[in-house]
Structures are given as structure tokens and as C-alpha cells.
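Participant: Let me give you the structure first, and then I'll get to my questions.
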Amino acid sequence: MKYFYRCMNDLMMNWNELLSVKRLGKPTSGTITADTRTQFQRDYDRLIFSSPFRRMQNKTQVFPLPGSVFVHNRLTHSLEVASVGRSLGNMVSARLEQLGIEHPLLTEIGSVVAAACLAHDMGNPPFGHSGEDAIKAFFTNGEGRSLRTEVSEAEWKDLTFFDGNANAFRILSHQFKGRRVGGFALTYTMLASIVKYPYESTLATKPKFGFFQSEKETFIEIARSIGLKQAEANGVKFVRHPLVFLVEAADDICYQIMDVEDAHKLRILSYEETKNFYLNFYNSSYDAQSLETINQTLEEVTDPNEQISFLRAGVISRLVNECVQVFTNKLDAILSGEYQHSLISEISPVAQSAMQKVVDVSVKRIYADHSVIEIELAGYKVISTLMEHFIDAMLTKNKYNSKLLKLFPDQFMVDADASAYSKVQSVLDFVSGMTDVYALDLYRKITGINIPGIG
């Protein structure tokens, strides 16, 4: 019980506050009740049945959307991250119970992490990571530069540092037109668990931050309610919710390890290369028995794709166990807000070395593949053009723009007297929520490349 009392002192965040079922937009919520379907499971269900989640099935993860060979899209990636996240959360809750930490919601950590993992990419624009870059570039060196004098310093930083993580928090918490207060009305704990960078853009040293100015007060409310420590006196900056580290670890594991498998399916990496990348995670001396079992399975299973899938599954399992160990070892530093690293960065030397080889090949060959570059270039053009047309339509009244706005969804519309920042954000809400296919189709129509009913 000694550890429990240490975690309850004023220097550390404590689980009594960190695990909360209070819901955004519902001031009377927050009471723990006995129910077969828990509040955090409700969060998970609410997300998986939502339109923004479903739209991720037509958003690029890394490689172009599948033709004859199926590769990951944003939706399948998020489902896999949620699966890994649930395992991480369940294992951590068991460790916390062993340490003598008591809380009625401790066993629900797996559900919280799984829900947060489902939502972690919901704010990402179409066309993979280039989508974020295209939006930032539009404001820093594109047509959006003219808006610099129309917004405040902090609002301008939001636009030039546009981040999918901050956009996910907005999608989940903002009251869009015709929708309820609190957005998805999710629990405070789940919402805090998706914010990897719990500070505003003015405090960001690189294009990574957790919430836009429009949602700043919402995040402050959540952070204070669940006891997140404030990390900076000037400006809004808090330390991470502990469960963010597990969501981040699940994403890191799936993103790097699954990209290698996709690259094998697409024949960017050979079978032998891919096999060796996965076997690098095992130490020939310490893991002799595991390697023997692996070799026996590879002799039994002769299909190359199944062999690679089997090896990939084993690597994910090892990384999950290692990340749980790091989380447990660093728990004091995490709860005090002093821990500043990702869990994956402190795994064992053998696993670190293997992961670095995966990162290196990803940068040099996987992300540099022609198919990836081509969709990134196309994405830049499509997104910048859509941004240019719709922002002009929002800010400038003329006959053409009036017609263009008839294509704009009602849920994203703002009042005519709204600020320039709000109008620009409404366009970002629209464009970032598009699927690759819809964005390309709309681009072709408004540029006259494809005219409905003609040709």
C-alpha cells in the first residue's frame, strides 16, 4: 500500500481524478453506476458507429487505396491500433492492481485506451500525412498567406501549425450546427487520452499541439476536472494524461510494424528482407526457445504472406509487453508529469535496434516509393485548390461564391458575421473530413476537369 499513498500526494496526479465518467456537455454526468455496458464502452460504441469514423475507410494511411492488393487505410489502421491499445490498457490495469492501486474503474483502462485509439486519427485530412502538410503549406507559402492580418497571432499559429491531433479533439468536442452541446458527448478521461500534445499552438516549437483556440476553454475544463497538472504558468500547457502514453505506444507499434507488412505485399520489400526485419526483434541468445518455436511454425505454414503475418504478430506481442514494462517502471515520473518520452523509445536495446532498422527502411524505401510520392503530390494540389476556393467563398460575396457555398454542408456553416478565423475553420472542418475519393471528385468538378452529365 506504500505505493498507493505515494501516488495520492500533491506532487502526483491520481487515478481517483484521472478516471472519470463525466461527459462533455452533460454537467450532471459523472456518477459511476453498475452497468453491463460501461461508460467507456459507450464511448467506444459511439465512435465506431459515427460517420467521421466510417469515412476513414476511404482515407489513405500510407499507400494508395487498394486495387488488387489490400493495404491499410485510416480505418483499418485505427481498428488495429484499438486492438493493441486494449491489450496495453488491460495489462497496465492488472499491473496497477498488483501495485495496490484501488479504483472501481481501474479494470476499464483497456476500454478507455481502445476508444481513444479509435479516435486518434479522426482529425487527419485525406491523402495521408501529406494532407496535414498541404494545409500548413497553404497558409505559410500559398494563397492563405493573405489571411495573416485577418486573424490573431494565436489563431494564425493554429492555421500554420495545423495538426490532425488538435483537429480530432475539435471533431469530438465541438458543437457543430444542428448537433448537441459537447459534440460526441464523450467522457473527460477518453477525450484527454487522445491529446498527445496538451498545449496550445503558441507554445509549440514544431507543428504539434493539442487543441485550437476555439477549443482551448473546453480542454482547460477537462484538464482541471480530471486533475492534469499545469506545466507552464504562461499560456495553456498541461502534462499528458497517463493513458496518452498507451495510445501513442499502440499507434507507434502498429504504424511502423504494419507498414513493413504492407510493403511486402506490394513487393517493395522482399520476403527475406521482411522476415529479417521482424526476426531482428529477437535475441539469438536470450530468445532461443522462441526462435525455435518460430522456425517450427514457419516449416508448418508454407504460405509466404501467412508466414510474414505470423512473424508480425509475434513482434507486436513483444512490443506490447515491453511498453507495459516501461510504463510500469516510469509510473512515478508519468504521474508527476516529469516523463517526456514515448514508451517505444525506452524499450530494450535489441528491440530498439530492430525498430530503428524498420524506421530507416521506411524512410528510405517505403515512404519514398513512387506510389506514395504520387498520392502526396496529388493531395497537395487537390487540398490547396479546395481550400482556396471555399475560403474565398466564405470571405468574399459574389455570384460564383454563392453557388459554390450551396455545396457546403449545413453542419459546418457559420453565421455571416462570424470571425475570419471561424470561417476558415469551417472550411478546414469540411476539407479535412473528406475522403480521398470525394476530395478528388469535388476538385475535378469545381475546376471544370469533370463536368457532370458531359463526356
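Throughout the sequence shown, residue numbering follows the numbering used here, covering 101 to 555 in sequence.
Where a beta carbon is used, it is the ideal one built from N, C-alpha and C, also for glycine.
Everything numeric in this text was worked out from a predicted model, so none of it was measured.
Check each candidate in L346, Y467, T535, M358 and name the one with the smallest Cα separation from S558.
Facilitator: No information on residue 558 is available, as it lies outside the stretch 101 to 555 that the chain covers here.
Participant: Would you call the region 380-397 and the region 411-420 touching, i.e. three or more CB-CB distances under 8 Å?
Facilitator: yes
Participant: Given D221, which residues of its chain have a CB within under 6 Å of its CB, disregarding the five upstream and five downstream residues?
Facilitator: In the sequence shown, counting from the first residue as 1, residue 221 sits at position 121. Spatial neighbours of D221 in its own chain (CB-CB distance under 6 Å, excluding positions within 5 residues in sequence) are listed in chain order as R174, S178.
Participant: Where does N173 sit, in a helix, a strand or coil, going by DSSP?
Facilitator: Walking along the sequence shown from the start, residue 173 turns up at place 73. N173 falls in the strand class under three-state DSSP.
Participant: Examine the Cβ distances between the region 189-203 and the region 439-456 and report whether three or more of them are shorter than 8 Å.
Facilitator: no
Participant: Assuming K324 is part of the alpha helix (DSSP H), what are its boundary residues?
Facilitator: Position 224 of the sequence shown, counted from the first residue, corresponds to residue 324. Contrary to the premise, residue 324 reads as Arg rather than Lys in this sequence. Its alpha helix (DSSP H) spans residues 316-325.
Participant: Would you kindly check if the distance between the Cβ of A350 and the Cβ of V459 is under 7 Å?
Facilitator: Numbered from 1 along the sequence shown, position 359 holds the residue referred to as residue 459. Numbered from 1 along the sequence shown, position 250 holds the residue referred to as residue 350. No, Cβ-Cβ distance for V459 and A350 is not below 7 Å.
Participant: Tell me the residue span of the alpha helix (DSSP H) that contains N405.
Facilitator: For the purposes of this step, residue 405 is taken as the residue at position 305 of the sequence shown. N405 -> alpha helix (DSSP H) spans 404-429.
Participant: Note the first and the last residue of the continuous alpha helix (DSSP H) segment covering T160.
Facilitator: Stepping through the sequence shown from its first residue, residue 160 is reached at position 60. First-last for T160: undefined, no H or E at that position.
Participant: Looking only at its chain, what residues have a beta carbon closer than 7 Å to the beta carbon of I368, apart from the 5 residues adjacent to it on each side?
Facilitator: Position 268 of the sequence shown, counting from 1, holds the residue named residue 368. Same-chain partners within the cutoff: R465, I466, D469.
Participant: If we count Cβ pairs, one from each stretch, closer than 8 Å, do we get three or more for the region 260-268 versus the region 139-146?
Facilitator: no
Participant: Name the DSSP beta bridge partners of K337, please?
Facilitator: Translated into the one-based positions of the sequence shown, residue 337 becomes position 237. Per DSSP, Y299.
Participant: What residue ranges within the region 183-232 form continuous alpha helix (DSSP H) runs of no fewer than 4 residues, ordered along the chain?
Facilitator: 209-219
Participant: Near Q275, which residues of its chain fall below 8 Å by C-beta distance, leaving aside the five closest residues on each side in sequence?
Facilitator: Here residue 275 is taken as the residue at index 175 of the sequence shown, counted from 1. G125, V281, G282, G283.
Participant: Run through DSSP, which three-state label would F311 get?
Facilitator: Position 211 of the sequence shown, counting from 1, holds the residue named residue 311. In the three-state DSSP reduction, F311 falls in the strand class (E or B).
Participant: Is DSSP giving S168 helix, strand or coil here?
Facilitator: Within the sequence shown, residue 168 is the residue found at index 68, counting from 1. Its pLDDT being 47, under 50, S168 is placed unreliably in this model, and the value from its coordinates should be taken loosely. Of the three classes helix, strand and coil, the one that applies to S168 here is coil, per DSSP.
Participant: In terms of alpha-carbon separation, which member of V251, L291, R324 lies closest to Q313?
Facilitator: As a first step, residue 313 is located in the sequence shown; it is residue number 213 there, counting from the start. Out of V251, L291, R324, V251 has the C-alpha closest to the C-alpha of Q313.
Participant: Return no unless some Cβ of chain C is closer than 7 Å to the Cβ of T240.
Facilitator: Protein chains in the displayed structure number just one, and chain C is not present.
Participant: Confirm, please, whether the CB-CB distance from M487 to F309 is below 7 Å.
Facilitator: Numbered from 1 along the sequence shown, position 209 holds the residue referred to as residue 309. Numbered from 1 along the sequence shown, position 387 holds the residue referred to as residue 487. At least 7 Å separates the beta-carbon of F309 from that of M487.
Participant: If contacts are defined as beta-carbon pairs under 8 Å, then I483 and V524 qualify, I think. What distance do you get, rounded to the angstrom?
Facilitator: Stepping through the sequence shown from its first residue, residue 483 is reached at position 383. Stepping through the sequence shown from its first residue, residue 524 is reached at position 424. The Cβ separation is near 14 Å, so there is no contact.
Participant: Leaving out five residues on either side along the sequence, give the residues of the same chain with a beta carbon under 7 Å from the beta carbon of M290.
Facilitator: Working through the sequence shown from its first residue, we reach residue 290 at position 190. Around M290: F140, D143, V212, A215, A216.
Participant: So for K545, helix, strand or coil by DSSP?
Facilitator: One-based indexing of the sequence shown puts residue 545 at position 445. In the structure shown, K545 sits in a helix (DSSP, three-state: H, G or I).
Participant: Comparing C-alpha positions only, which one of S183, L443, T374, G437 sits nearest to F427?
Facilitator: Counting from 1 along the sequence shown, the entry for residue 427 is found at position 327. Per the Cα distances, L443.
Participant: Quick check on Q330: does DSSP put it in helix, strand or coil?
Facilitator: In the sequence shown, the residue the question calls residue 330 occupies position 230. Strand.
Participant: For V472, which of S370, A363, D515 has the nearest alpha-carbon?
Facilitator: Working through the sequence shown from its first residue, we reach residue 472 at position 372. For V472, the nearest C-alpha among the options comes from A363.
Participant: Alpha carbons only, please: which of D352, T207, A266 is nearest the one belonging to A304?
Facilitator: Reading the sequence shown from its first residue, position 204 is the one you call residue 304. Looking at the Cα atoms, A266 is the closest of the given residues.
Participant: Is the Cβ-Cβ distance between V408 and E361 less than 7 Å?
Facilitator: Here residue 408 corresponds to residue number 308 of the sequence shown, with the count starting at 1. Here residue 361 corresponds to residue number 261 of the sequence shown, with the count starting at 1. The sequence given here has Ile at residue 408, not Val. Cβ distance < 7 Å, so I408 and E361 count as in contact.
Participant: Out of I434, K159, E197, Q356, which has the shortest C-alpha to C-alpha gap to L111?
Facilitator: Along the sequence shown, one-based indexing puts residue 111 at 11. It is I434 whose Cα lies nearest to the Cα of L111.
Participant: Using only the alpha-carbon positions, how far apart do M191 and G185 sit?
Facilitator: Sequence index remark: in the sequence shown, residue 191 carries index 91 (1-based). Sequence index remark: in the sequence shown, residue 185 carries index 85 (1-based). Taking the straight line joining both Cα atoms gives about 10 Å.
Participant: Pick from A516, M534, F311: whose alpha carbon is nearest that of F269?
Facilitator: What you label residue 269 is simply residue 169 of the sequence shown in a count that begins at 1. The candidate whose alpha carbon is nearest that of F269 is F311.
Participant: I'd like to check one pair, D529 with K159: are the Cβ atoms closer than 7 Å?
Facilitator: Position 59 of the sequence shown holds residue 159. Position 429 of the sequence shown holds residue 529. Contact: no.
Participant: So, with DSSP's three-state summary, where would you put K126?
Facilitator: Numbered from 1 along the sequence shown, position 26 holds the residue referred to as residue 126. Strand.
Participant: Quick one: what's T287 bridged to in DSSP?
Facilitator: Along the sequence shown, one-based indexing puts residue 287 at 187. Note: T287 sits in a beta bridge opposite R123.
Participant: Look up L369 in the DSSP assignment and say whether it is helix, strand or coil.
Facilitator: One-based indexing of the sequence shown puts residue 369 at position 269. The answer is coil: DSSP assigns L369 none of H, G, I, E or B.
Participant: Less than 7 Å separating the beta-carbons of R123 and A323?
Facilitator: Within the sequence shown, residue 123 is the residue found at index 23, counting from 1. Within the sequence shown, residue 323 is the residue found at index 223, counting from 1. Against a cut-off of 7 Å, the Cβ pair of A323 and R123 comes out as no contact.
Participant: Starting from Q389, follow the alpha helix (DSSP H) in both directions and report where the run begins and ends.
Facilitator: Working through the sequence shown from its first residue, we reach residue 389 at position 289. First-last of the alpha helix (DSSP H) with Q389: 388-400.
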